[in-house]
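Below: the structure, in structure tokens.
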């Protein structure tokens, strides 16, 4: 029994040394993907559309404020009150539109990036399983130190798995 226990204890460090570790730069992989370029272009276009809409609303608001200020002294009180209410509602609508646009932009960005991230994670898992890796750590994940001499860079393999050159 002692011989078996001794053999296990002697082989444990050897087995531990045989473990393979890898690292990947997922940001580099993602930015090289055509899907990322397409998603970024779509998000940028959506953002420009939202900005143009808000700019139009802001210009209309500014015009109405100037018109109101120019004519405020000559307007009867009831019309003045109605215009002030209109301006307040318009300002609230602009603020609400801005918030809605920001939320929609964040949601669209998250949806598009989720599909891309899932594809990269699946490729990393496939490389890890095929290569017999114990861990593949992401260098862009904020890990304070990854030994590039004791682990294998699998970034190129992940790119190849995704069909990226």
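Residue numbers (the working numbering): 2 to 166.
We put the beta carbon where it would ideally sit given N, CA and C, even for glycine.
Cβ shell of residue i (< 6 angstroms), same chain only, five flanking positions each side left out
| i | result |
| --- | --- |
| residue 58 | 95 |
| residue 7 | Unreliable placement is indicated for residue 7, whose pLDDT of 47 sits below 50; the coordinate value is still reported in the next sentence. Correct list: empty, nothing qualifies. |
| residue 102 | 51 |
Identity of the residue in the options nearest residue i by Cα
| i | options | result |
| --- | --- | --- |
| residue 37 | 87, 73, 112 | 112 |
| residue 114 | 99, 27, 20 | 27 |
| residue 65 | 127, 51, 83, 50 | 83 |
| residue 89 | 39, 104, 160, 62 | 62 |
| residue 163 | 60, 48, 127, 87 | 127 |
Inter-residue spacing [alpha-carbon to alpha-carbon] between residue i and residue j
| i | j | result |
| --- | --- | --- |
| residue 70 | residue 93 | 19 angstroms |
| residue 125 | residue 53 | 40 angstroms |
| residue 123 | residue 99 | 36 angstroms |
| residue 74 | residue 67 | 13 angstroms |
| residue 129 | residue 120 | 14 angstroms |
| residue 151 | residue 20 | 10 angstroms |
| residue 142 | residue 133 | 22 angstroms |
| residue 78 | residue 91 | 20 angstroms |
| residue 154 | residue 145 | 16 angstroms |
| residue 5 | residue 159 | Because the pLDDT at residue 5 is just 46, under 50, the model does not fix this residue reliably, and the value given afterwards should be weighed accordingly. So the two alpha carbons sit approximately 41 angstroms from each other. |
| residue 104 | residue 48 | 11 angstroms |
| residue 108 | residue 39 | 16 angstroms |
| residue 46 | residue 110 | 12 angstroms |
| residue 97 | residue 81 | 24 angstroms |
| residue 131 | residue 56 | 53 angstroms |
Bounding residues of the alpha helix (DSSP H) (the contiguous stretch that carries residue i)
| i | result |
| --- | --- |
| residue 58 | 35-72 |
| residue 121 | 78-132 |
| residue 156 | 156-163 |
Residue range of the beta strand (DSSP E) that includes residue i
| i | result |
| --- | --- |
| residue 23 | 21-25 |
C-beta contact flag for residue i and residue j at 8 angstroms
| i | j | result |
| --- | --- | --- |
| residue 106 | residue 31 | no |
| residue 34 | residue 137 | no |
| residue 147 | residue 24 | yes |
| residue 176 | residue 156 | The first residue shown for the chain is 2 and the last is 166, placing residue 176 beyond what the model contains. |
Same chain only: Cβ atoms within 7 angstroms of residue i, ignoring 5 sequence neighbours per side
| i | result |
| --- | --- |
| residue 139 | 25, 27 |
| residue 1 | In the structure displayed, the chain extends from 2 to 166; residue 1 sits before or after that span and is not available. |
Sequence-distant residues of the same chain with beta carbon closer than 8 angstroms to residue i, five excluded per side
| i | result |
| --- | --- |
| residue 87 | 65 |
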